[in-house]
Amino acid sequence: MAVIEPDNIQTGTEEIQALYVTEPALNTIRSLLEQREIPNHALRVFVAGGGCSGLQYGMAFEETPQEYDTVVEMDGVRLVVDPTSLTYLYGSTIDYVDNLMGGGFRIDNPNSAGGCGCGKSFKSKEEEEAGTLNDTGGCGSCSSY
Numbered sequence: 021m022a023v024i025e026p027d028n029i030q031t032g033t034e035e036i037q038a039l040y041v042t043e044p045a046l047n048t049i050r051s052l053l054e055q056r057e058i059p060n061h062a063l064r065v066f067v068a069g070g071g072c073s074g075l076q077y078g079m080a081f082e083e084t085p086q087e088y089d090t091v092v093e094m095d096g097v098r099l100v101v102d103p104t105s106l107t108y109l110y111g112s113t114i115d116y117v118d119n120l121m122g123g124g125f126r127i128d129n130p131n132s133a134g135g136c137g138c139g140k141s142f143k144s145k146e147e148e149e150a151g152t153l154n155d156t157g158g159c160g161s162c163s164s165y
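Its first residue numbered 21, the sequence shown is counted upward by one per residue in my numbering.
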């Protein structure tokens, strides 16, 4: 298991973290851990097939990371990501937004070639360029203006 502190990973001349987490997201994760009385758990962030754009984000609390997981620790909060998901999520920013339209986690993903307006699914740039990802046309519950 690789543990990555908020220090950066050197890639060429640019430094990139595996994941960035905003203060509102960190505060929300801490609050959820306290409410559920699971202070030693980590938040697993993953990508799975499905969703209206081909891939979808997922999150779940987990007590113990798996052997090959990457663990990102920031301000006492741990996030874990499996190697396959990390290829899709690398360099992403996890934020928590709370507005009149509702609240929730939002992932700003530099590896996304676009997605549905719902923000829960996306197309991978790599798969779009290779032509291997089918576009299902959206979830129908969101609209683009």
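For each residue, glycine too, the CB sits at the ideal point set by N, CA and C.
The structure displayed is predicted, hence computed values, not measured ones.
Cβ separation of residue i and residue j, assumed to be a contact under 8 Å, to the nearest whole Å
i	j	result
Arg38	Leu106	Note that residue 38 is Ala in the sequence shown, not Arg. About 6 Å separates the two Cβ atoms, so the contact holds.
Val117	Gly124	7 Å
Ile114	Val65	7 Å
Val97	Arg50	6 Å
Leu63	Phe81	6 Å
Leu53	Pro59	5 Å
Limits of the unbroken beta strand (DSSP E) element including residue i
i	result
Arg126	Gly122 to Asp128
Thr90	Thr90 to Met94
Gln76	Leu75 to Glu82
Residue closest to residue i, alpha-carbon to alpha-carbon, out of the options
i	options	result
Tyr40	Gly122, Val100 and Asp118	Val100
Thr42	Asp102, Ser132, Glu93 and Pro103	Glu93
Gln11	Gly74, Asp128 and Pro103	Outside the displayed span of the chain (21 to 165) sits residue 11, for which this structure offers no information.
Exposure label - residue i; buried when at least 16 CB within 10 Å
i	result
Tyr88	exposed
Phe142	Here the model assigns Phe142 a pLDDT of 49, short of 50, so the residue's position is not dependable, and the following value carries that caveat. Phe142 should be labelled buried.
Range covered by the alpha helix (DSSP H) that runs through residue i
i	result
Asn98	Note that residue 98 is Arg in the sequence shown, not Asn. Looking at the DSSP string, Arg98 is not in any alpha helix (DSSP H); the run it does join, the beta strand (DSSP E), is Val97 to Val101.
Asn47	Glu43 to Gln55
Any non-hydrogen atom of the ligand FAD within 6 Å of residue i CB
i	result
Ala80	What this structure holds is no ligand at all, so the ligand FAD is not there to describe.
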